[in-house]
Structure formats: structure tokens, C-alpha cells
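What follows is a short report on a single structure.
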Amino acid sequence: MTMKLASLLLGTAVSLTAMQAAAADKVTLQLKWVTQAQFAGYYVAKDKGFYEEEGLDVEIKPGGPDIAPPQVLAGGGADVIVDWMPSALATREKGVPLVNIAQPFKSSGMMLTCLKETGITKPEDFKGKTLGVWFFGNEYPFLSWMATLGIKTDGSPEGVTVLKQGFNVDPLLQKQAACISTMTYNEYWQVIDAGIKPEELVTFKYEDEGVATLEDGLYVLEDKLKDPAFKEKMVKFVRASMKGWKYAEENSDEAAEIVLENDASGAQTEVHQKRMMGEVAKLTAGSNGALDKADYDRTVKTLLGGGSDPVISKEPEGAFTTEITDAALK
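Numbering (mature numbering (1 follows the signal peptide of the UniProt record, and there is no 0)) for the sequence shown: -23 to -1, 1 to 307.
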């Protein structure tokens, strides 16, 4: 009798577990780039069970050079994406209605890294030089900055020649460009690891130059927000994700290890990821996930300040909502 009862209880427990798993709301997150500490908060939230606590079953899809998150979202391949605001606003203006629902990154990690031997000491010295620039939506902050400086990007003597930079630092190492695009947490350190000393470099952080635009926000399609069930799911997702980010900030080495465990490519190294996480933590510090209107306004102003060729042609409407974070932060 006791064995039958034990068997019955065990069966009930297994059934309940199966039901709970089946009842978990599925969420697919598309990252902007490959698995690395730039996205540690999401991997930590999954590893630590923060999503599970919210009743969510989250799939994290890595990005790459051939993956455009807005296209994945528009095609139904994800519920929510990580994207930079310049790309998101430009995409919205072109007809894909992206809406920012949360902003885990408070500061920009983008900068130009230049060889000191080129004689560049200030932005005005860019004239006549070749500069490496990432495209696929990453060029917008750069183009806005050059427009702000009044420097053309047409290769003229008083302008700059834009080299379409791959997602590597080769143009600087091979001296094909005087400066290249780097992130504080990634490519800058690749230059250092290649044997160039910090004192041989000059860096210009977009944040310091007053042209920083928001990076790594969470975006969904506008129509989806009309569905109360979807909105509730995003509230849970954002709440758990920010819990993951704050844990990652306070436990950066552990967070880097979690990222490494999720790197199916095996391309990342412990030293690089721990260093990256330390730098990323500086960018998420100060954010509780809610979009700061002043940061948004600065981004829009920068993108509109492109002279005859602005990134966006008019002030966006409905490009963000605070409804999700308002509910998530209660």
C-alpha cells in the first residue's frame, strides 16, 4: 500500500512538473551579436533561474555578421531583440515599427581608436584621413558625428574616406586606416592584444564627444503591444532580465563564466570575457532598465543633426514605451 502511495505521489509530482514546464510562456530573444559578455545579463537570468521564476521559457539566439535583428523580428523569428537605437529608429522610419520597451545600457561603449603616429590628436584632425566604420546599422552614430563636425564623408581632401570595416581590427593593424571603430569592451582590447600599446593610441569616445547614442536596448513590434498577454510576458521578461544584469554587474567573473558556458562556438576566451564583462558593467551601471527620456532626446537630436543626410528625417512618434518597465519595476 505504501509503495503504491509513493508511486502515486511520484507520478503526481512528475505530472505537475510537466504541466509547469508546458505552462511556461515561451520567449525568443534575438541578440545583436555573437554570444559574449555584452549580453551577459540575459544568460545570467536564464542560468540563475530568474526567467523560470517568472514562468518563462526563454530561448536566446546569438547574432552574427549576417543576422539583422529587426529583420528577424519582422519575420516572426523572435519576440524581442537587442538593438542600438540609431538602427532601431532608422528601421522604424523605413516601415518596421520597432518600439523600445527597456534600456539596460545607460552609457555608450562606442569609440574611434586611432594610431598616434598619424598625428590625430583631436576630431578636426580626421580631415583627409581614412576611418574604419562598421555598417549594417552601426554606421549611424558615426555619420551623425561627422555631420555635427561639418566633415564630409565623401573622400574629399577636407572630408574623410570611409572604409567599410569588417567586425575586426585588421584595418588599424595593417595601417589601412588611421582610426577604426571599436567598443570599449571588445575591439579596443583586441588592438592591445595584437601588441599595440595604449600609449601608441588615441581614443575618442562618443560619450565624451557629446554624440553618444543609446545602445543595446530591448525592442518589440508595435502591434504586439496591443496584446495584453504579450505585454504581461514582456513585463516578466524585462524584470528577470534586469535582475540578471544587476547580478552580472556585482558578480562579473561569474557572469563571464556563464557566458563562456553558453558559447557554442568555443571562440571566446576566459581572459577576454572577464575583461569584457568588467567594461560592460560600466555601461549598464545606473540603469534599472527604464529608458531615460533625456538620453532618448539626446539620441534623437544627434540622429537628426545630420545636415543634408540625417539618419532620421523627422522626430519619431511612438518609438518607445515606459509601460513595460513601469510595471516591471513596481
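A virtual CB, placed ideally from N, CA and C, is assigned to each residue, including glycine.
Buried versus exposed, by CB contacts within 10 Å (16 or more), residue i
{"i": "C91", "result": "buried"}
{"i": "E101", "result": "exposed"}
{"i": "G26", "result": "exposed"}
{"i": "N163", "result": "buried"}
{"i": "T246", "result": "exposed"}
{"i": "S242", "result": "exposed"}
{"i": "K99", "result": "exposed"}
{"i": "V248", "result": "exposed"}
{"i": "K9", "result": "buried"}
{"i": "P175", "result": "exposed"}
{"i": "A305", "result": "buried"}
{"i": "G205", "result": "Checking the sequence, you will find Pro at residue 205 rather than Gly. It counts as exposed."}
{"i": "E36", "result": "exposed"}
{"i": "G221", "result": "buried"}
{"i": "K291", "result": "exposed"}
{"i": "K244", "result": "It should be pointed out that residue 244 corresponds to Ala in this sequence rather than to Lys. Answer is exposed; the Cβ neighbour count stays below 16."}
{"i": "E135", "result": "exposed"}
{"i": "E31", "result": "buried"}
Separation of residue j from residue i, as counted between CA atoms
{"i": "A217", "j": "K152", "result": "44 angstroms"}
{"i": "A124", "j": "T130", "result": "9 angstroms"}
{"i": "V288", "j": "L140", "result": "19 angstroms"}
{"i": "G96", "j": "F103", "result": "9 angstroms"}
{"i": "A262", "j": "Y224", "result": "11 angstroms"}
{"i": "L150", "j": "F112", "result": "20 angstroms"}
{"i": "V188", "j": "A67", "result": "17 angstroms"}
{"i": "A296", "j": "Y273", "result": "10 angstroms"}
{"i": "E184", "j": "T276", "result": "11 angstroms"}
{"i": "L191", "j": "S133", "result": "30 angstroms"}
{"i": "P148", "j": "A1", "result": "47 angstroms"}
{"i": "P46", "j": "S158", "result": "20 angstroms"}
{"i": "Q13", "j": "G86", "result": "15 angstroms"}
{"i": "K71", "j": "G41", "result": "22 angstroms"}
{"i": "T279", "j": "L126", "result": "11 angstroms"}
{"i": "D200", "j": "S264", "result": "26 angstroms"}
{"i": "W122", "j": "L33", "result": "40 angstroms"}
{"i": "I173", "j": "M253", "result": "18 angstroms"}
{"i": "A17", "j": "M88", "result": "21 angstroms"}
{"i": "A(-6)", "j": "K3", "result": "For A(-6), the predicted structure reports a pLDDT of 47, less than 50, and the residue's modelled location is therefore unreliable. The matter cannot be settled from this model."}
{"i": "V215", "j": "E294", "result": "22 angstroms"}
{"i": "E209", "j": "L202", "result": "9 angstroms"}
Closest Cα partner of residue i within the set the options
{"i": "N77", "options": "L260, S64, M88 and K141", "result": "S64"}
{"i": "L260", "options": "S84, E300 and E209", "result": "S84"}
{"i": "D170", "options": "D185, C156, F181 and N145", "result": "N145"}
{"i": "M211", "options": "G221, K220, W222 and V197", "result": "V197"}
{"i": "Y28", "options": "E186, L6 and Q15", "result": "L6"}
{"i": "K106", "options": "M88, I128 and E177", "result": "I128"}
{"i": "K93", "options": "F207, G221 and V179", "result": "V179"}
{"i": "G109", "options": "F16, M219, L75 and A155", "result": "A155"}
{"i": "T302", "options": "L281, E256 and P81", "result": "P81"}
{"i": "D43", "options": "I173, M253, G143 and T299", "result": "G143"}
{"i": "Q250", "options": "S290, K3 and Q15", "result": "Q15"}
{"i": "L195", "options": "V21, G52, T298 and S290", "result": "T298"}
{"i": "L50", "options": "F207, L75, K213 and F181", "result": "L75"}
Short CB-CB distance (under 8 angstroms) between residue i and chain D
{"i": "Q153", "result": "No chain D is present in this structure, which holds just one protein chain."}
Decide yes or no for the touch test of the segment 237 to 246 against the segment 264 to 279: beta carbon pairs closer than 8 angstroms, at least 3 of them.
no
Okay, do the segment 225 to 235 and the segment 51 to 63 touch, 3+ Cβ pairs below 8 angstroms being the bar?
no
In the segment 152 to 222, which residue ranges form an unbroken alpha helix (DSSP H) of at least 4 residues, counting only runs that do not cross its ends?
164 to 170 and 183 to 186
Please confirm if the segment 164 to 174 is in contact with the segment 112 to 122, defined as three or more CB-CB distances below 8 angstroms between the two stretches.
no
Where are the beta strand (DSSP E) runs, 3 residues long or more, that stay fully inside the segment 124 to 154, in chain order?
138 to 141
With a floor of 3 residues, list each beta strand (DSSP E) that falls wholly inside the segment 52 to 138, ordered by position along the chain.
57 to 60, 75 to 79, 87 to 92 and 107 to 110
In chain order, which alpha helix (DSSP H) runs of at least 4 residues are fully inside the segment 256 to 283?
270 to 281
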